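Chemist:
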Amino acid sequence: MGEDAARGQIIVTGASRGIGAAIAAELLRRGHPVACLSRSGSAPAPGLTAHACDMTDEAAVRDTFARIAEAGPVAGLVNNAGQHAGSPSASLSREAFDRIMALNATAVMVAAREIYPHLKGRGGLIVNIGSMFGRMGVPDSLAYCASKAAVAAMTRCLAVEWAADGIRVLDVAPGYIETDLNRDWLARDKVRAWLARRIPTGGPGQPEEVARLVGALFDERIGFLTGETIYVDGGQGMNH
Ligand SMILES: NC(=O)c1ccc[n+]([C@@H]2O[C@H](COP(=O)([O-])OP(=O)(O)OC[C@H]3O[C@@H](n4cnc5c(N)ncnc54)[C@H](OP(=O)(O)O)[C@@H]3O)[C@@H](O)[C@H]2O)c1
11 MGEDAARGQI
21 IVTGASRGIG
31 AAIAAELLRR
41 GHPVACLSRS
51 GSAPAPGLTA
61 HACDMTDEAA
71 VRDTFARIAE
81 AGPVAGLVNN
91 AGQHAGSPSA
101 SLSREAFDRI
111 MALNATAVMV
121 AAREIYPHLK
131 GRGGLIVNIG
141 SMFGRMGVPD
151 SLAYCASKAA
161 VAAMTRCLAV
171 EWAADGIRVL
181 DVAPGYIETD
191 LNRDWLARDK
201 VRAWLARRIP
211 TGGPGQPEEV
221 ARLVGALFDE
231 RIGFLTGETI
241 YVDGGQGMNH
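Using this note's numbering, the final residue of the sequence shown is 250, and nothing's skipped along the way.
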């Protein structure tokens, strides 16, 4: 059937706040039925269905996807849930590294694998939320950068493997976006001044800007576009 099939549900992970909440609201505004997943299970806006699901819990992910699929066909997945924790690499513990990888990378693989049987046969789109940091060397952020580089790599592998099933896979990689993840840090005067110099467009972006890109990717249905990492970073990642 492919992506032109009747609108199915789009599952958005980490959708209780921040970028995920903005993506869920934008997809709803565009007429897509949306299922929001997070540990708290809170719906970010009226009209959105919400489910409590820890994305690092493999069995919970499988069960939640099955429950959503019982309610109607599934057309896509936005793998957005993610976390950041900084630590100097010289004292980074194995546990801290594994914790970041478990949600930002391993859970992306598990969710893609578990959504596959629901998309196979009708096609669909998987959008993974990576990061500009996936291609940068960032002090005190080794685990986060490695996890987001893994997202880009998995996106390419899945795109190539599942293209014949009509499933496209893309990596949307934001730069600094103001959310709970970084709000306190971004509010510091020194950080604001530094980012105003580093980001060619003048400062951090908003969750709605990432959301509009994801919404357009679902609606424009560009069949020839798959496997790519699309940066939405105000030009910071390419700035000299
Ligand atoms: N903000 C930025 O500057 C920026 C830049 C580049 C990339 N990103 C990426 O964008 C994504 C969203 O970031 P954000 O800034 O919106 O983060 P955020 O404001 O901290 O929100 C994180 C979301 O993920 C959910 N979550 C956390 N752990 C989870 C788990 N184990 N299972 C299910 N849901 C979980 C949270 O809800 P609960 O607490 O209810 O579970 C929340 O809805 C992440 O992948 C992040 O790496 C962000």
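We treat Cβ as the ideally placed atom computed from N, Cα and C, and that holds for glycine. Values in this document were obtained by computation on a predicted structure and should not be read as measured data.
1. Just to check, is the beta-carbon of Phe228 closer than 8 Å to a non-hydrogen atom of ligand 1?
2. Within this structure, are the beta carbons of Ala31 and Pro217 separated by less than 9 Å?
3. With 16 as the cutoff for other CB atoms within 10 Å, does Cys63 come out buried or exposed?
4. Using DSSP's beta-bridge definition, name the partner residues of Asn138.
5. So does Cys63 have its beta carbon nearer than 8 Å to some heavy atom of ligand 1?
6. Could you spell out where the beta strand (DSSP E) holding Ser48 opens and where it closes?
7. Am I right that Pro56 and Gln19 are in contact with their C-beta atoms under 8 Å? What's the rounded C-beta distance?
8. What first and last residue would you give for the alpha helix (DSSP H) that runs through His282?
9. When you compare only the Cα positions, how much space is there between Ala81 and Gly41?
10. So, helix, strand or coil for Thr23, using DSSP?
11. Cβ of Met142 within 8 Å of any heavy atom in ligand 1?
12. Any heavy atom of ligand 1 closer than 8 Å to the Cβ of Gln93?
13. Would you check if the distance between the CB atom of Ile37 and the CB atom of Ala221 is smaller than 9 Å?
14. Between which two residues does the beta strand (DSSP E) harbouring Ala60 extend?
15. Taking 8 Å as the line, does the beta carbon of Asp108 fall inside it for any heavy atom of ligand 1?
16. Would you kindly work out how many angstroms separate the C-alpha atoms of Gln93 and Asp150, rounded to a whole number?
17. Helix or strand or just coil, what does DSSP make of Gly215?
18. Is Ala159 close to ligand 2? I mean its beta-carbon at under 8 Å from any heavy atom of the ligand.
19. Under the three-state reduction of DSSP, which class applies to Ile240: helix, strand or coil?
20. Identify, in the order they occur along the chain, each residue of the same chain with its Cβ nearer than 7 Å to the Cβ of Gly237, setting aside the five sequence neighbours on each side.
21. Helix or strand or just coil, what does DSSP make of Val84?
22. Figure out for me which residue from Gly233, Ala95, Gly185, Val137 has the closest Cα to the Cα of Ala153.
23. When you compare the stretch 200-211 with the stretch 104-119, are there three or more beta-carbon pairs, one atom per stretch, that lie closer than 8 Å?
24. Have a look at Thr66 and Arg72 and give me their C-alpha separation to the nearest angstrom.
Modeler: Taking the coordinates as given:
1. no
2. yes
3. buried
4. Asn89, Asp181
5. yes
6. 44-48
7. That belief does not hold up - the Cβ atoms of Pro56 and Gln19 are roughly 17 Å apart, past 8 Å.
8. Past the edges of the chain, shown from 11 to 250, lies residue 282, and the structure says nothing about it.
9. 17 Å
10. strand
11. yes
12. yes
13. Per the sequence shown, residue 37 should be read as Leu rather than Ile. Cβ atoms of Leu37 and Ala221: closer than 9 Å.
14. 59-62
15. no
16. 14 Å
17. strand
18. No copy of ligand 2 occurs in the structure displayed; its ligands are ligand 1 alone.
19. strand
20. Thr165, Arg166, Ala169, Val170, Val179
21. strand
22. Ala95
23. no
24. 11 Å
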